[in-house]
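Visitor:
Numbering (the working numbering), first residue to last: 653 to 785.
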(Lines of atoms letter the chains of each structure in order from A and count residues from 1; the text may use other names and numbers.)
(Lines give C-alpha, C1' and ligand atoms only; values in the text may rest on other atoms or scores of the structure.)
Protein backbone atom coordinates (compact mmCIF):
# COMPACT_ATOMS: atom_id res chain seq x y z
CA UNK A 1 0.00 0.00 0.00
CA UNK A 2 2.89 2.33 0.74
CA UNK A 3 4.28 1.88 -2.77
CA UNK A 4 0.89 2.69 -4.31
CA UNK A 5 0.69 5.85 -2.23
CA UNK A 6 4.21 6.81 -3.30
CA UNK A 7 3.36 6.22 -6.97
CA UNK A 8 0.21 8.33 -6.69
CA UNK A 9 2.21 11.15 -5.09
CA UNK A 10 4.84 10.88 -7.82
CA UNK A 11 2.18 10.91 -10.53
CA UNK A 12 0.49 13.95 -8.97
CA UNK A 13 3.77 15.83 -8.69
CA UNK A 14 4.64 14.99 -12.31
CA UNK A 15 1.28 16.22 -13.60
CA UNK A 16 1.46 19.43 -11.55
CA UNK A 17 4.99 20.03 -12.84
CA UNK A 18 3.77 19.48 -16.38
CA UNK A 19 1.01 22.06 -15.92
CA UNK A 20 3.40 24.57 -14.34
CA UNK A 21 5.83 24.34 -17.24
CA UNK A 22 3.10 25.42 -19.67
CA UNK A 23 3.77 29.06 -18.78
CA UNK A 24 7.34 28.71 -20.05
CA UNK A 25 6.02 27.16 -23.26
CA UNK A 26 3.70 30.13 -23.83
CA UNK A 27 6.57 32.58 -23.39
CA UNK A 28 8.70 30.79 -26.02
CA UNK A 29 6.24 31.58 -28.84
CA UNK A 30 6.63 28.16 -30.42
CA UNK A 31 4.53 27.49 -33.55
CA UNK A 32 3.48 24.15 -32.01
CA UNK A 33 2.21 25.90 -28.90
CA UNK A 34 0.26 28.32 -31.11
CA UNK A 35 -1.31 25.37 -32.95
CA UNK A 36 -2.28 23.70 -29.67
CA UNK A 37 -3.70 26.89 -28.17
CA UNK A 38 -5.69 27.47 -31.36
CA UNK A 39 -7.06 23.91 -31.39
CA UNK A 40 -8.01 24.10 -27.72
CA UNK A 41 -9.65 27.50 -28.17
CA UNK A 42 -11.68 26.35 -31.18
CA UNK A 43 -12.70 23.18 -29.35
CA UNK A 44 -13.66 24.80 -26.03
CA UNK A 45 -15.39 27.86 -27.47
CA UNK A 46 -16.98 25.96 -30.35
CA UNK A 47 -18.40 23.20 -28.16
CA UNK A 48 -19.61 25.68 -25.56
CA UNK A 49 -21.18 28.06 -28.04
CA UNK A 50 -22.94 25.38 -30.08
CA UNK A 51 -24.19 23.70 -26.91
CA UNK A 52 -25.62 26.91 -25.44
CA UNK A 53 -27.20 27.96 -28.75
CA UNK A 54 -28.67 24.55 -29.52
CA UNK A 55 -29.99 23.93 -26.01
CA UNK A 56 -31.43 27.44 -25.96
CA UNK A 57 -33.76 26.65 -28.85
CA UNK A 58 -35.54 23.89 -26.97
CA UNK A 59 -35.33 21.66 -30.07
CA UNK A 60 -32.24 19.77 -28.92
CA UNK A 61 -31.30 17.79 -25.83
CA UNK A 62 -27.94 16.83 -24.38
CA UNK A 63 -26.90 13.33 -25.49
CA UNK A 64 -24.22 12.93 -22.82
CA UNK A 65 -25.93 11.63 -19.68
CA UNK A 66 -23.32 13.03 -17.28
CA UNK A 67 -23.41 16.45 -18.93
CA UNK A 68 -27.23 16.43 -18.84
CA UNK A 69 -27.13 15.63 -15.12
CA UNK A 70 -24.78 18.52 -14.36
CA UNK A 71 -26.78 20.83 -16.63
CA UNK A 72 -29.74 20.01 -14.42
CA UNK A 73 -27.73 21.11 -11.38
CA UNK A 74 -26.01 24.26 -12.63
CA UNK A 75 -27.83 25.07 -15.87
CA UNK A 76 -26.55 24.85 -19.42
CA UNK A 77 -24.40 27.98 -19.20
CA UNK A 78 -23.02 26.95 -15.81
CA UNK A 79 -22.06 23.54 -17.12
CA UNK A 80 -20.45 24.98 -20.24
CA UNK A 81 -18.37 27.37 -18.11
CA UNK A 82 -17.40 24.66 -15.61
CA UNK A 83 -16.42 22.14 -18.29
CA UNK A 84 -14.56 24.90 -20.15
CA UNK A 85 -12.46 25.63 -17.05
CA UNK A 86 -11.62 21.95 -16.70
CA UNK A 87 -10.55 21.92 -20.35
CA UNK A 88 -8.34 24.97 -19.84
CA UNK A 89 -6.58 23.04 -17.06
CA UNK A 90 -6.21 20.05 -19.38
CA UNK A 91 -4.88 22.32 -22.12
CA UNK A 92 -2.09 23.40 -19.79
CA UNK A 93 -0.89 19.79 -19.71
CA UNK A 94 -0.38 19.76 -23.47
CA UNK A 95 1.58 22.97 -23.98
CA UNK A 96 5.02 21.84 -22.87
CA UNK A 97 7.00 18.70 -23.63
CA UNK A 98 6.37 15.99 -21.02
CA UNK A 99 9.47 14.56 -19.33
CA UNK A 100 8.06 11.67 -17.29
CA UNK A 101 5.78 8.72 -18.02
CA UNK A 102 2.98 10.19 -15.91
CA UNK A 103 3.28 13.57 -17.60
CA UNK A 104 3.17 11.86 -21.02
CA UNK A 105 0.07 9.94 -19.97
CA UNK A 106 -1.67 13.08 -18.69
CA UNK A 107 -0.76 15.07 -21.82
CA UNK A 108 -1.95 12.24 -24.07
CA UNK A 109 -5.30 12.00 -22.32
CA UNK A 110 -5.65 15.78 -22.52
CA UNK A 111 -4.95 15.71 -26.26
CA UNK A 112 -7.68 13.09 -26.70
CA UNK A 113 -10.06 15.42 -24.84
CA UNK A 114 -9.04 18.24 -27.20
CA UNK A 115 -9.83 16.05 -30.20
CA UNK A 116 -13.17 15.20 -28.59
CA UNK A 117 -14.00 18.88 -28.16
CA UNK A 118 -13.16 19.54 -31.81
CA UNK A 119 -15.26 16.55 -32.90
CA UNK A 120 -18.18 17.71 -30.75
CA UNK A 121 -17.95 21.22 -32.19
CA UNK A 122 -18.09 19.85 -35.74
CA UNK A 123 -20.88 17.40 -34.87
CA UNK A 124 -22.98 20.07 -33.17
CA UNK A 125 -22.51 22.47 -36.08
CA UNK A 126 -23.50 19.77 -38.58
CA UNK A 127 -26.52 18.78 -36.50
CA UNK A 128 -27.55 22.41 -36.16
CA UNK A 129 -27.23 23.00 -39.92
CA UNK A 130 -29.12 19.88 -40.95
CA UNK A 131 -31.86 20.28 -38.36
CA UNK A 132 -32.38 23.91 -39.33
CA UNK A 133 -32.66 23.13 -43.04
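Note that beta-carbon positions come from the ideal geometry of N, C-alpha and C, so glycine has one too.
As a quick exercise: from 763, 718 and 671, pick the residue whose alpha carbon is nearest that of residue 690.
Guide: Per the Cα distances, 763.
Visitor: In three-state DSSP terms, what is residue 657?
Guide: Here residue 657 sits in helix by DSSP.
Visitor: Residue range of the alpha helix (DSSP H) that residue 683 falls in?
Guide: It spans 683-709 - the alpha helix (DSSP H) in which residue 683 sits, taken as one unbroken run.
Visitor: Taking only runs of the alpha helix (DSSP H) that begin and end inside the segment 704-749, which ones reach a length of at least 4 residues, in chain order?
Guide: Listed in chain order, they are 717-746.
Visitor: Name the two residues that bound the continuous alpha helix (DSSP H) containing residue 674.
Guide: Segment 674-680, the alpha helix (DSSP H) holding residue 674.
Visitor: Quick check on this structure: which residue in 742, 714, 753 and 777 has the alpha carbon closest to the alpha carbon of residue 674?
Guide: The option with the nearest alpha carbon to residue 674 is 742.
Visitor: From residue 657 to residue 757, what does the alpha carbon distance come to, in whole angstroms?
Guide: If I take the Cα positions, the gap works out to 18 Å.
Visitor: Here's a check: name, in chain order, each residue in its chain whose Cβ is nearer than 8 Å to the Cβ of residue 710, leaving out the five neighbours to either side.
Guide: Excluding residues within five positions, none has a Cβ falling inside 8 Å.
Visitor: Cβ of residue 667 within 9 Å of Cβ of residue 779?
Guide: No, they are not a contact pair.
Visitor: How many Å lie between residue 774 and residue 655 at the Cα?
Guide: Cα-Cα distance, rounded: 44 Å.
Visitor: Rounded to whole angstroms, what is the Cα-Cα separation between residue 766 and residue 740?
Guide: If you take the alpha carbons of residue 766 and residue 740, they lie about 10 Å apart.
Visitor: Taking a contact to mean a Cβ-Cβ separation below 9 Å, would you say residue 728 touches residue 707 in this structure?
Guide: The answer is yes: Cβ separation under 9 Å.
Visitor: Excluding sequence positions up to five away, which residues of its chain have a Cβ less than 6 Å from the Cβ of residue 768?
Guide: So no residue of the chain qualifies.
Visitor: Quick one: what's got a C-beta closer than 7 Å to residue 772's C-beta in the same chain, skipping five residues either side?
Guide: Cβ within range, chain order: 699.
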